[in-house]
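In what follows, a structure is listed as structure tokens, so that the remarks can point back to it.
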Amino acid sequence: MTKPFPHERSQSRPSPAEPMEHNRLHARAGDEGFFRQVVAGMRNGVLAITRDGTIALINDEAYRVMGLEPRSTDIGRAVIDVLRDVPDVLRVLADVFEVTLLANRAELRIKSTGTVIGYTLAHVRSDDGLIVGASMFFKDLTSVEQIEERERLRDRLAAVGEMAATLAHEVKNPLAGIEVLAGLLRRRIPDVPETQTLLADIINEAKMANAIVQEVLDFVRPMRLQVEATSVATAIYAAASLADTHALRGQTGLHLELPEALPLINGDAHQLIQVFTNLLTNAYEALEGTGRITITARVVPRGPRVAGAREHDPRMALLVEVADSGPGIAPEIAERIFDPFFTTKVTGSGLGLAIVRKIVDAHNGRLDLRTAPGEGTVIAVALPVPHPLDEDGDDGTHSDRR
Ligand SMILES: Nc1ncnc2c1ncn2[C@@H]1O[C@H](COP(=O)(O)OP(=O)(O)OP(=O)(O)O)[C@@H](O)[C@H]1O
Ligand SMILES: [Mg+2]
Numbered sequence: 009m010t011k012p013f014p015h016e017r018s019q020s021r022p023s024p025a026e027p028m029e030h031n032r033l034h035a036r037a038g039d040e041g042f043f044r045q046v047v048a049g050m051r052n053g054v055l056a057i058t059r060d061g062t063i064a065l066i067n068d069e070a071y072r073v074m075g076l077e078p079r080s081t082d083i084g085r086a087v088i089d090v091l092r093d094v095p096d097v098l099r100v101l102a103d104v105f106e107v108t109l110l111a112n113r114a115e116l117r118i119k120s121t122g123t124v125i126g127y128t129l130a131h132v133r134s135d136d137g138l139i140v141g142a143s144m145f146f147k148d149l150t151s152v153e154q155i156e157e158r159e160r161l162r163d164r165l166a167a168v169g170e171m172a173a174t175l176a177h178e179v180k181n182p183l184a185g186i187e188v189l190a191g192l193l194r195r196r197i198p199d200v201p202e203t204q205t206l207l208a209d210i211i212n213e214a215k216m217a218n219a220i221v222q223e224v225l226d227f228v229r230p231m232r233l234q235v236e237a238t239s240v241a242t243a244i245y246a247a248a249s250l251a252d253t254h255a256l257r258g259q260t261g262l263h264l265e266l267p268e269a270l271p272l273i274n275g276d277a278h279q280l281i282q283v284f285t286n287l288l289t290n291a292y293e294a295l296e297g298t299g300r301i302t303i304t305a306r307v308v309p310r311g312p313r314v315a316g317a318r319e320h321d322p323r324m325a326l327l328v329e330v331a332d333s334g335p336g337i338a339p340e341i342a343e344r345i346f347d348p349f350f351t352t353k354v355t356g357s358g359l360g361l362a363i364v365r366k367i368v369d370a371h372n373g374r375l376d377l378r379t380a381p382g383e384g385t386v387i388a389v390a391l392p393v394p395h396p397l398d399e400d401g402d403d404g405t406h407s408d409r410r
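In terms of the working numbering, the sequence shown opens at residue 9 and continues consecutively.
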């Protein structure tokens, strides 16, 4: 049985002006070192201030999330000084002693680090119920946000994919019928040249429609990766020559800046070639024959970087950027370009980037888009570089994803 903490015995009723019930702690008494470790080891940020605005307690996670360097001398210092570089948090704390109803599960973005946090505020009361301080608990939501975004996309893809698969399946048979029947007719009337040309056109159109249907079916089929140690640079070189056959190069200059010593990644070479072929094809199409495409690759830390983080993630990613000097993409279009069937082109199927996203996702990679009208387009693909930490399975590649 847990014994009430000693102060319960001496607790007096809160004054009528502060009617909140006095919270009690149920814990073993006299074990301060233990409690300190509880707070220190919490995976939430914890910050407490006294009524006169000085820091009473702060743990490492709080420093990390706020992008600050931990300093033991901060205890007892004015919160305005210590959190000078995180005005977003200061703003939340500013009226914490004036209000009785405090935020529970609120969110804010720390602008200096780009981190989104979910936080809870609480008053700290003395044994006789007076407010003597305030505490803030918070959690880094950045990765939660990213995961939610991915889940939403996956749901959307699954719904669209199912519909497309049914449609494609239904259309495939009549299309094959048209092709066969037109072929029969062609053989029956071999001596009428105009009709022969018309029938040849019908057969060609049916073949083209069939190719699109096949592409849709390929897209909606669950992806199985053939994972092996793969050179991304080799995939890019292969894509460069393949893209030539897909789009008009014209006077476009293609520059590959690929360092020789890039690490191998665990990937499906064939699928990665497809990723870069699709990106390059789009870039050529955007440039319409004049301009410049640059593909660069470098190794960067994985995941969102937090300024001042002491224990940073030792895992790395290979970042490939495909940049073109084309017309760029307007914001209202930019947010849709990875959607299946979204296209602004007369002959496009709108599947190029949806396939890119699906493959990068299956590699547990990330995609990023930087563009503005008139300023060209950069699509960045970050692929995880294998690391022993990945062996726990939290970050490996997935071989059966839609
Ligand atoms: N580099 C780029 N510059 C400008 N717009 C782009 C670029 N890449 C993609 N887009 C826009 O995104 C849309 C979707 O691209 P996506 O590759 O998915 O389909 P598509 O190229 O239209 O057709 P498909 O690739 O199936 O032939 C394009 O229609 C185009 O409007
Ligand atoms: Mg495309």
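Beta carbons: idealized from backbone N, C-alpha and C, even for Gly.
A quick note: this is a predicted structure, and the numbers were derived from the prediction, not measured.
Does DSSP put residue i in a helix, a strand or coil?
| i | result |
| --- | --- |
| Arg131 | Looking at the sequence shown, residue 131 is not Arg but His. Residue state, collapsed to three classes: strand. |
| Asp332 | strand |
| Asp82 | helix |
| Asp105 | Per the sequence presented here, residue 105 reads as Phe, with Asp not at that position. Coil. |
| Val188 | helix |
| Ser249 | helix |
| Val389 | strand |
| Phe146 | strand |
| Thr121 | coil |
| Asp369 | helix |
| Val97 | helix |
| Leu377 | strand |
| Ile88 | helix |
| Glu319 | Since pLDDT at Glu319 reaches only 49, below the 50 mark, its modelled position is unreliable, and the value read off the structure follows with that caveat. If DSSP states are grouped into helix, strand and coil, Glu319 belongs with coil. |
| Leu116 | strand |
| Thr298 | coil |
| Gly49 | coil |
| Thr62 | strand |
| Val314 | The predicted model places Val314 with a pLDDT of 44, which falls under 50 and marks its position as unreliable; any figure quoted below should be read in that light. Reduced to three states, the DSSP call for Val314 is coil. |
| Glu170 | helix |
| Arg44 | helix |
| Pro271 | coil |
| His395 | coil |
| Ile139 | strand |
| Pro309 | strand |
| Leu264 | strand |
| Thr285 | helix |
| Thr304 | strand |
| Leu327 | strand |
What distance in whole Å lies between the Cβ atoms of residue j and residue i, which are believed to be in contact at a cut-off of 8 angstroms?
| i | j | result |
| --- | --- | --- |
| Thr298 | Thr253 | About 20 angstroms separates the two Cβ atoms, so there is no contact after all. |
| Ala325 | Ala390 | 4 angstroms |
| Val307 | Val364 | With 8 angstroms as the limit, Val307 and Val364 do not qualify as a contact, their Cβ atoms being about 21 angstroms apart. |
| Glu293 | Lys215 | Actually they are not in contact, since the Cβ atoms of Glu293 and Lys215 sit about 22 angstroms apart, beyond 8 angstroms. |
| Asp93 | Leu76 | 7 angstroms |
| Pro267 | Gly336 | Going by Cβ atoms, the distance from Pro267 to Gly336 rounds to 28 angstroms, so no, they are not a contact pair. |
| Leu116 | Asp96 | 5 angstroms |
| Ala48 | Ile57 | About 18 angstroms; that fails the 8 angstroms criterion. |
| Gly334 | Pro348 | Wrong, their Cβ atoms sit about 22 angstroms apart, outside the cutoff. |
| Thr205 | Ile197 | That belief does not hold up - the Cβ atoms of Thr205 and Ile197 are roughly 12 angstroms apart, past 8 angstroms. |
| Arg310 | Arg323 | 5 angstroms |
| Asn67 | Met50 | 6 angstroms |
| Val330 | Ile387 | 5 angstroms |
| Leu264 | Ala248 | 7 angstroms |
| Gly41 | Val73 | Contact flag wrong, Cβ pair sits at about 25 angstroms. |
| Thr289 | Gly360 | 7 angstroms |
Is the Cβ of residue i closer than 8 angstroms to any Cβ of chain B?
| i | result |
| --- | --- |
| Ala251 | Considering every chain present, this structure includes no chain B. It has just one protein chain. |
Q | beta strand (DSSP E) segments (min. 3 residues) lying fully within the stretch 194–238 | A | Correct list: 236–238.
Q: Pull every residue with its beta-carbon under 5 angstroms away from any heavy atom of ligand 2, and keep them in chain order.
A: Having a Cβ closer than 5 angstroms to some heavy atom of ligand 2 are Asn290 and Gly360.
(Q) Assess contact between the stretch 147–163 and the stretch 189–199, defined as three or more Cβ pairs (one per stretch) separated by less than 8 angstroms. Is contact present? (A) Counting C-beta pairs with one atom in each stretch, the stretch 147–163 and the stretch 189–199 have fewer than three that are closer than 8 angstroms, which means they do not touch.
Q.
Would the stretch 235–255 count as touching the stretch 266–282 if we require 3 or more Cβ pairs under 8 angstroms?
A. The stretch 235–255, when compared against the stretch 266–282, does touch it at the 8 angstroms Cβ threshold.
(Q) Using a Cβ distance threshold of 8 angstroms, determine whether the stretch 364–378 contacts the stretch 222–231, with at least three qualifying pairs required. (A) As far as the Cβ criterion goes, the stretch 364–378 touches the stretch 222–231, which means the pair count is three or higher.
Q | Inter-stretch contact at 8 angstroms, needing at least 3 Cβ pairs: the stretch 85–92 / the stretch 112–131 | A | No, they do not touch.
Q. Just checking, does the stretch 217–226 make contact with the stretch 169–176 on the three C-beta pairs under 8 angstroms criterion?
A. Contact between the stretch 217–226 and the stretch 169–176 is present, because at least three Cβ pairs lie under 8 angstroms.
(Q) Does the contact criterion of 3 or more C-beta pairs under 8 angstroms hold for the stretch 94–106 versus the stretch 136–144? (A) They touch, by the three-pair rule.
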